Amino acid sequence: MTKRRLEPLLWLLFSGGGVVSAVFLPVLVVLFGLAIPLGWVRPDYDHLHAVFSFWLTRLVALGLLVLMLFHWAHRFRYTLHDGLRLKRLEAPLALVCYGGAVVGSIAALLIVAML
Amino acid sequence: MSAPTTYRQPVSRLWFTKKRSYFIFLLRELSCVFVGWFAVFLMVMLFAIGRGAAAYQNFLNWASSPVVVVVNLVALAFLVLHTVTWFALTPQAMEVRLGGRQVARVKMVNVAGRTVPAATVVRVGGRRIPPGMVIASQYAGLLVVSAFIVWLVLR
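Chains as they are written, first to last, in this note's numbering: chain D, 1 to 115; chain B, 1001 to 1155.
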């Protein structure tokens, strides 16, 4: 019964995570994963700190991270469960995936709070 | 409900190597690994920014190491695949309507004896927006969001 009630919620988190990942991640990977580390653009630390410590940026960052983590958890669970046909491992898979997303979300909350 | 008792041919664990479309489906599903990776990457970055300029410089040194750059290049390819496939699927998974009564509910369907969520209905009644327009408006949203983020970070 709990499973039936949880499933739509988990699917909504997956779905919301899919939307924000599709819209936000291409530019974020190009910017923070490639352009800045490789020195194509060099925003200075004080500016970045100012941008990310603004309350609205923190809120958006937290929401984005939580949805991304639950998107990963749900899709990864079903990729292993159905894709690799690991049906016997259903319970431990769910625990590792959603548990990982919960732990990651708590870490995200702490990190965003310390900005 | 009892499980179906009809014979089902066993499926190979390597089913996704049998057809090109199966393989692309698997790649699409595996894009979630890079969503997870980049969540961790962003958290490491935000943690460093919160700790100070020296920690941020350490983060930059780590993020510019060849291994991390290659992982982020692969991540970019998978995330573009995610964006393209997600935008293409949205009109099928979500009915967007103009007018009518506004409701939000998750449509459940029965797949192989299991009840799973399949779509979100945002409105009932009214005129359905053509799928092509839904897809185009998502790319417009992507462009606006991307331009805003680049402006915010680099101004």
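Glycine included, each C-beta is placed from N, C-alpha and C at the ideal position.
These figures come from a predicted structure and were not determined experimentally.
Item	Value
Determine the chain B residues that contact L48 (chain D) at a beta-carbon separation under 8 Å, and present them in chain order.	I1049, Y1056, V1153
Whole angstroms is fine: what's the gap from A35 (chain D)'s alpha carbon to V41 (chain D)'s?	6 Å
Using 10 angstroms around the beta-carbon of N1061 (chain B), count the other beta-carbons present and answer buried if the total reaches 16, otherwise exposed.	exposed
Taking 7 Å as the threshold (C-beta atoms), are L1079 (chain B) and F1023 (chain B) in contact?	no
Looking at the C-beta of G1036 (chain B), does it have a partner C-beta in chain D at a distance below 7 Å?	yes
Cutting at 7 Å between CB atoms, please list the residues of its own chain near L80 (chain D), excluding the five before and the five after it.	L86, L93
Would you be able to state if there are at least three C-beta pairs under 8 Å between the segment 53–66 of chain D and the segment 104–113 of chain D?	yes
Using CA atoms only, rank isn't needed, just tell me which of B:K1019, B:F1025, B:T1006, B:V1153 is closest to D82 (chain D).	B:F1025
Along the segment 74–87 of chain D, what residues have a CB closer than 7 Å to any CB found in chain B?	R75, F76, T79, G83, L84, R85
Would you verify that the beta carbon of R1013 (chain B) is, or is not, closer than 7 Å to some beta carbon of chain D?	yes
For chain B, check one thing: does any of its Cβ atoms lie closer than 7 Å to the Cβ of G18 (chain D)?	yes
Can you name, in chain order, every residue of its own chain whose Cβ lies under 6 Å from the Cβ of I1049 (chain B), other than the five neighbours on each side?	Y1056
Taking the straight line between their C-alpha atoms, what separation do you get for L115 (chain D) and P43 (chain D)?	17 Å
Can you tell me whether DSSP reads K1019 (chain B) as helix, strand or coil?	coil
What is the rounded straight-line gap between the Cα of W72 (chain D) and the Cα of A1136 (chain B)?	26 Å
Taking the alpha-carbon positions, what's the V1074 (chain B) to A101 (chain D) distance?	22 Å
Residues of chain B with CB closer than 8 Å to the CB of E90 (chain D), please, in chain order.	Here the premise fails: no neighbours, minimum Cβ distance about 11 Å.
Of all the options B:S1146, B:R1155, B:W1151, which has the alpha carbon lying nearest to the alpha carbon of V23 (chain D)?	B:S1146
Please name the residue, chosen from D:S105, D:H74, D:V30, that lies closest to L59 (chain D) on a Cα-to-Cα basis.	D:S105
Compute the Euclidean distance between the alpha carbons of T1120 (chain B) and L9 (chain D), then round it to the nearest angstrom.	12 Å
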